[in-house]
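Chains as they are written, first to last, in this note's numbering: chain F, 9 to 408; chain X, 9 to 408.
We put the beta carbon where it would ideally sit given N, CA and C, even for glycine.
There are 2 protein chains.
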Amino acid sequence: MRAGPSQEDIRRHNLGALLRHVHLGGPISRAELTSRMGLNRSTIMALTSDLTAAGLVREELPRETGRAGRPSLVVRPESARVYVFAFDVGPDRLAAARVGLGGLILDRREAVRERGAFELAELTAVLAGFARQMRRKAAADAVCVGAAAAVSGGVRKDDGVVRFGPNLKAEEVPFGEELARRLGLGLPVSVGNDANLGALAEHSRGVGAAVRDLVYLHGDVGIGGGIISGGHLIGGHEGYGGEVGHMVVNPGGRACGCGSHGCLEAEVGERALLESAGRYGGHQGRDSVRAVVEAADRGDIVAQEALKRVGDWLGLGVANLVNIFNPEMVIFGGMLRDIYLGAAAQVRSRLALHAMAPQRERLRLRTSSLGDAATLVGAAELAFANVLSDPLEVLARAHA
Amino acid sequence: MRAGPSQEDIRRHNLGALLRHVHLGGPISRAELTSRMGLNRSTIMALTSDLTAAGLVREELPRETGRAGRPSLVVRPESARVYVFAFDVGPDRLAAARVGLGGLILDRREAVRERGAFELAELTAVLAGFARQMRRKAAADAVCVGAAAAVSGGVRKDDGVVRFGPNLKAEEVPFGEELARRLGLGLPVSVGNDANLGALAEHSRGVGAAVRDLVYLHGDVGIGGGIISGGHLIGGHEGYGGEVGHMVVNPGGRACGCGSHGCLEAEVGERALLESAGRYGGHQGRDSVRAVVEAADRGDIVAQEALKRVGDWLGLGVANLVNIFNPEMVIFGGMLRDIYLGAAAQVRSRLALHAMAPQRERLRLRTSSLGDAATLVGAAELAFANVLSDPLEVLARAHA
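Right under this line is the structure:
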């Protein structure tokens, strides 16, 4: 219940809002910005000049308007000059990307991670090495305005410490601080839960764009969740919100890495599928999950039964979340894309049994449109958050 | 991503913010408003004069300051002159209240409701009759600025239709429209789910004031939920958010009124407790629940076992919600106050088993501080929402 904003607050808000239009929607004419933002032409002109002078956008004549009269200038993000570093730490994979304003992935590196103890020094060294390589390839006048990482675990929002990550074997790891130190860019590294960031990515520029209430379910060994309610990510009191993988769906069921039993993750995760299919103990990872789905598709009865079992539990979990959140859309990401595509009938039949009619009648079930890049794209959006909320200040700092 | 607000928007925002301070916090000095709202003295003076002229607040000299110098005027809500009607429709009870600005319940009526078919005409006639009685007792210059109702069921946010309410036997009932017609005040009646409004009440002026992430669980025959995340109520895409009573906690468990099995409501609701205690079929309602808790307290083993069983399922449900939302506080309201107080040990032991450590280590479990008035108080807050967002306009309309 603070007072309304000052003139300076309003200008900062408008600069951020305009930059966000360009960042999320791509090149856009001044005329269109005038209409979408509800500001007059001279204000839009003043805002775009400020952003142009700061090197965040540039204005160009459109190629061909097909109309008479002077065409409206098109405002484009300076994708090659203004960028962030995004990182992704999963159980089996390390990834890093240099992402330009506007969301363009300019450069990208990946490494396989062996499942085993979480070696903070080694892991941050690999990621910082990737960043150095990518920085060398950037233009001389390009400027890094932020850095963020997606991690498969629960992250304390105040300081980016990974409090738990059973599938990374991480506990109480000061990951953000250490990665920032290794990067040596003079920038903090924001850290977020990978499923939360995947939700943010699908909401910003994926299948969930324009959807204000969505549940994103991310499978990668375990099951994570990111929930957008009324346009806001549910972070929780300390940042651990969205841990739907540890909702108990089957009391007395399979043991879970978290210490409990019958969690959604324990019944639907990689191990549950591979064990049910009689394939546990050999090859693990995304390919092994796909192999079960493909075998089921070819008529392998054991694989079909395994997929059916996992699909039933997945459907029960989704029904619970649909009752709790009344989302417009549920999005299946990571390995859950494969599982959902192989078990959609189970999921739908469980929804019919357990979700209330008003909650499910308009519900849309979708697979992630960003695919395995969702968590990395979400980390990039987290890294861009500061520059979008105060463009000139952040750019001035980055140049300093 | 619209543009920043106009001067007029800012004035309206500030008027609403000031009125909200007075409405929720009670009488407050101009000096304190200056400091809390971050506005200068002359702006606060101009805002309070506008609100005073409109008859929403009045300014008075404080009784005793104990300090030298001219004392700062105290701004008070005009509780007797500006009021709303709040209604509450539960399975066993109909309630109506006239609530003054500032949250004071000025007058109140209640009637017992027989469980059975939802008789829209009869029910709205009773409530409208209560409102007429209470209106007659109001001062001649008092003005009604809003009306809202809490209903034990799922309410479509667009039009206030009760889509489902198994415990009211209501389905597709245009409740808000009909009650507005019967009231004949020329005002619409906002309708909300009772547990959602209970959450709002505890968040506004109950045990959850100043708590931005909370789960409110409301027991009244069935189990409802209201969730506040980051200060916002989770309404969902169409308004059915928070139906945690229909989260399946025990697949293959007891049949639920919603058509599913093993829902939290089916395992923890009134019927589950009474059946487990061998008391189903006789007396029902809040007193019958209290009787089981009291019998357990006196050493009745059957009652103790029943309470233990129900407490285990309640604890499992709470653990799931704690993992999903990472709330700072869980509040037990309605008959769940009694059940929680009788089964706190079960709830805590289930939390220790199933909730992740970072989510539970700072969690506070509390009983509702507004008690049975929570849902009615929440309805009053919903009715005041318009006048708090645009005080002068709403008051001008009310006088017109």
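The DSSP-derived three-state label of Met45 (chain X) is helix. The Cβ neighbour count for His362 (chain X), taken over all protein chains shown within 10 Å, is at least 16; the residue is labelled buried. For Asn328 (chain F) and Ala136 (chain X), the gap between their C-alpha atoms comes out near 37 Å.
In this structure, Val65 (chain X) sits near Thr56 (chain X), with a CB-CB distance shorter than 8 Å.
Rounded to whole angstroms, the Cβ separation of Arg101 (chain F) and Arg123 (chain F) is 11 Å, and the two are not in contact under 8 Å. Asn258 (chain F) belongs to the set of residues whose beta carbon lies under 8 Å from a beta carbon in chain X. Taking a Cβ-Cβ threshold of 9 Å, none of the residues of chain F is close to Ser80 (chain X); the smallest such distance is about 18 Å. Annotated three-state conformation of Asn175 (chain X) is coil, per DSSP. Residue pairing from DSSP places His226 (chain X) in a beta bridge opposite X:Gly232 and X:Gly341.
Neighbourhood of Leu361 (chain F) in chain X, by CB distance below 7 Å: Ser268, in chain order. Rounded to whole angstroms, Cys152 (chain F) and Gly34 (chain X) show a C-alpha spacing of 49 Å. Contact check for Gly184 (chain F) against Val197 (chain F) passes: the beta carbons are separated by less than 8 Å. Residues of the same chain with a CB within less than 8 Å of the CB of Ala304 (chain F), apart from the 5 flanking positions on each side, are Ala311, Gln312, Ala314, Leu315 and Gly350 in chain order.
Neighbours of Ala327 (chain X) across chain F, judged by C-beta separation under 9 Å: His254, Met255, Val256 and Ser268. Counting other Cβ atoms within 10 Å of its Cβ, Asn48 (chain X) stays below 16 and is therefore classed as exposed. The beta carbon of Gly243 (chain F) sits closer than 8 Å to some beta carbon of chain X. Beta-bridge annotation (DSSP): Leu102 (chain X) is paired with X:Val97 and X:Ala119. In terms of Cβ geometry, Phe333 (chain F) and Gly267 (chain X) do not form a close pair [threshold 8 Å]. For the segment 330–348 of chain X, residues whose beta-carbon sits nearer than 8 Å to a beta-carbon of chain F comprise Asn331, Ile332, Phe333, Asn334, Pro335 and Glu336. Counting along the chain, Ala156 (chain F) sits inside no alpha helix (DSSP H); it lies in the beta strand (DSSP E) bounded by residues Val151 to Val159. Between the segment 228–238 of chain F and the segment 261–276 of chain F, the count of C-beta pairs closer than 8 Å reaches three or more; the two stretches touch.
Contact of Leu324 (chain F) with chain X by beta-carbon distance below 7 Å involves Val256 and Pro259. Here Ser357 (chain X) is exposed, its C-beta having fewer than 16 other C-beta atoms within 10 Å. Excluding its 5 nearest sequence neighbours in each direction, Gly110 (chain F) has C-beta neighbours in its own chain below 6 Å: His31, Pro85 and Ser87, listed in chain order. Against His240 (chain F), the close residues of chain X are Ser237, Gly238 and His240, in the order they occur along the chain (beta-carbon pairs closer than 8 Å). Chain F places no beta carbon closer than 8 Å to that of Gly232 (chain X), leaving this residue out of the contacts. Contact annotation for Asp221 (chain F) against chain X: Gly244 and His245 [CB-CB distance below 7 Å, chain order]. Cβ proximity to chain F below 7 Å picks out Arg171 and Phe172 from the segment 164–175 of chain X. Under the Cβ distance rule, Gln367 (chain X) counts among the residues neighbouring chain F, one pair being separated by less than 8 Å. Interface flag for Tyr248 (chain F) against chain X is set, since a Cβ pair is found closer than 8 Å. Straight-line measurement puts the Cα of His240 (chain F) at about 34 Å from the Cα of Ile113 (chain X). Secondary structure at Leu64 (chain X): coil, using DSSP grouped into helix, strand and coil. DSSP places Gly200 (chain X) inside the beta strand (DSSP E), whose first and last residues are Ser198 to Asn201. If you look at Pro85 (chain X), you'll find it isn't in any alpha helix (DSSP H); it sits in the beta strand (DSSP E) that goes Val82 to Pro85. Taking a beta-carbon distance threshold of 8 Å, Gly265 (chain X) does not count as an interface residue toward chain F. In chain order, Met337 place their CB closer than 6 Å to the CB of Arg372 (chain F), counting only its own chain and leaving out the 5 sequence neighbours on each side.
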